[in-house]
Amino acid sequence: MYISMVTLDVTDTYDQHQAIWSLFPDAPDRKRDHLFRIENKNGRQLVALLQSTSQPMSSKSAKVLKSKVFNPVITNGDYFKFKLTANPTKCLSEGKKVVELKTEAQQVEWLQRKLNGANVTVTSIDSHVTNSRKSSHSRFVTFEGVLQVINSEQVYSALVMGIGRKKHAGAGLLSLAKVN
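Heads up, the sequence shown is in the numbering used here, so the first residue is 1350 and it goes up one at a time.
And the structure:
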């Protein structure tokens, strides 16, 4: 895997999705194997953290600032600081209707269900609504805190596959930094 910092010259989530795809020009028919999260906004230019299975290459709408190989090691009992921007939702009526979770208590409970391979302590939570011209606006929640790994395979899977919905729009990327 690779972890990269990239700049995007677009603010709409659909355009961000398109700009991120443009970083991988040699694979037009492949499935999405990358996750990203907007880290900073500076006017119309955004800085995003990108995790991908192949190395990104700068394009007209996205520039790779730096990129490095990323091989995380996760062991049971390890402690990590984490950051995750997600779109916490739940399905009603057998998966036919999806609603966003709006209270902090519901959102933290959702996160603990999704990271059931770890003991999770949330230390910071921030919510914002995203802009998209292709679909309805969505509430994204950024969680920060500390987790202790109970099941390393489940946590590794969450790290690689992402968490929750709206991954195409910049949600789902779990970042971990080992606590010594």
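The C-beta atom is built at its ideal place from N, Cα and C for all residues, glycine as well.
A Cβ-Cβ separation of about 5 Å places Phe1492 in contact with Val1471 under the 8 Å criterion. By the criterion of at least three beta-carbon pairs nearer than 8 Å, the segment 1424–1438 is not in contact with the segment 1399–1409.
In this structure, the CA atom of Arg1514 is about 17 Å from the CA atom of Asp1361. Following the DSSP letters along the chain, one finds Thr1362 inside the alpha helix (DSSP H) bounded by residues Thr1362 to Trp1370. Distance from Thr1356 to Val1418 at the Cβ level is roughly 21 Å; contact not present, criterion being Cβ atoms closer than 8 Å. Here His1477 is exposed, its C-beta having fewer than 16 other C-beta atoms within 10 Å. Residue pairing by DSSP places Ser1473 opposite Glu1493 in a beta bridge. Across the structure, Gly1511 and His1517 are spaced so that their CA atoms are roughly 11 Å apart. The residues Pro1437, Leu1450 and Val1490, in chain order, have a CB closer than 6 Å to that of Gln1456 in the same chain once the five nearest residues on each side in sequence are set aside. In this structure, Gln1365 sits near Gly1519, with a CB-CB distance shorter than 8 Å. With a contact defined as Cβ atoms closer than 8 Å, Asp1358 and Ser1408 miss out at about 10 Å. Membership of Met1354 in the beta strand (DSSP E) is indicated by the continuous run Tyr1351 to Leu1357. In the structure shown, the three-state DSSP call for Val1422 is coil. By the neighbour-count criterion, in which 16 or more other beta carbons inside 10 Å mark a residue as buried, Ala1467 falls on the buried side. Straight through space, the alpha carbons of Glu1443 and Gln1497 are spaced by roughly 32 Å. The Cβ atoms of Met1406 and Leu1372 sit closer than 8 Å to each other.
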